[in-house]
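Here's the structure, in structure tokens; my notes come after.
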Amino acid sequence: KAGVTQTPRYLIKTRGQQVTLSCSPISGHRSVSWYQQTPGQGLQFLFEYFSETQRNKGNFPGRFSGRQFSNSRSEMNVSTLELGDSALYLCASSLAGQSYNEQFFGPGTRLTVL
Amino acid sequence: QKEVEQDPGPLSVPEGAIVSLNCTYSNSAFQYFMWYRQYSRKGPELLMYTYSSGNKEDGRFTAQVDKSSKYISLFIRDSQPSDSATYLCAMSEYFGGSNYKLTFGKGTLLTVNP
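As they're listed, the protein sequences go chains A and B. Residues in the first sequence are numbered consecutively from 358, following my numbering. Residues in the second sequence are numbered consecutively from 6, following my numbering.
In structure tokens:
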């Protein structure tokens, strides 16, 4: 069974631009969660999508948004990029949600904002 | 006070040593307690999870939870160079149905020297 895939793996953008990251979950998984990982703040929850609906949301500004398609693939968008948005963005998929033993993480997209 | 506190390390030990990794938390609603391992340039992978206070053993790994003290630990016996990674504690809060939310510690970087 293929794991969670994320594209692109690396991205360099400049301040003010916008970016879209993609996540393909494990086949059959309906929940996709997005996280931001930085050395200073660690792994922080952005949002979770389940069956095309946002179910949970972390404490990030509205510049961070996402969506999920009918095939469970998910995209995350960051508008008006800031230097502080440089981070590793991880998505995780699960059958039903962020339960204790079901989340599988992708390798992440490394975003650098110049 | 952050919901989850984890000593960032780094921690460097010789091969064969016993390693102790720890997290404290403040949210009494956390129900599941997990440890993830993250190798460089990879996403986190679930190592162990526990629900109740006490110990859970899996090979060389033992997870310990003390809910009264709001303290969890991961012990690694006979540590190997392949254990070198960042270890993240995570805790899950339940919101009903299949709706959970994970909160992570910042991670401890462990290096096991041959």
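We put the beta carbon where it would ideally sit given N, CA and C, even for glycine. Quantities reported herein were computed from a predicted structural model and do not represent experimental measurements.
- Here B:T91 really is in contact with B:G112; their C-beta atoms are around 4 Å apart, less than 8 Å.
- Near chain A, meaning a CB-to-CB distance below 9 Å, the residues of the region 99-114 of chain B are Y99, F100, G102, S103, N104, Y105, K106, L107, T108, F109, G110, K111, G112.
- The C-alpha of A:P418 lies about 12 Å from the C-alpha of A:L438.
- For A:G441, the three-state secondary structure derived from DSSP is helix.
- Counting C-beta atoms within 10 angstroms of its own C-beta, A:L403 has 16 or more neighbours from the protein chains shown and is therefore classed as buried.
- Here the alpha carbon of B:Y41 sits roughly 14 Å from the alpha carbon of A:Q401.
- Within chain B, G48 have C-beta atoms less than 7 Å from the C-beta of A:L447, given in sequence order.
- Secondary structure of B:D88 (DSSP, three-state): helix.
- Under the Cβ distance rule, B:L26 does not count among the residues neighbouring chain A, no pair being separated by less than 8 Å.
- For the C-beta of B:L93, the chain A residues within less than 7 Å are, from N- to C-terminus, L400.
- Distances from the alpha-carbon of A:P382 to those of A:T395, A:Q375, A:W391 put A:W391 closest.
- Annotation for A:R424: the continuous beta strand (DSSP E) segment containing it runs 421-425.
- Here the C-alpha atom of B:Y44 lies approximately 10 Å from the C-alpha atom of B:S87.
- Residue range 399-407 is occupied by the beta strand (DSSP E) that includes A:F407.
- The criterion of a C-beta distance shorter than 8 Å is not satisfied by B:S58 and B:S25.
- For the 8 Å CB-CB criterion, A:V470 and A:S443 form a contact.
- Excluding residues up to 5 positions away in sequence, V18, E20, S84, Q85, P86, D88, S89 lie with their Cβ nearer than 7 Å to the Cβ of B:V117 in the same chain.
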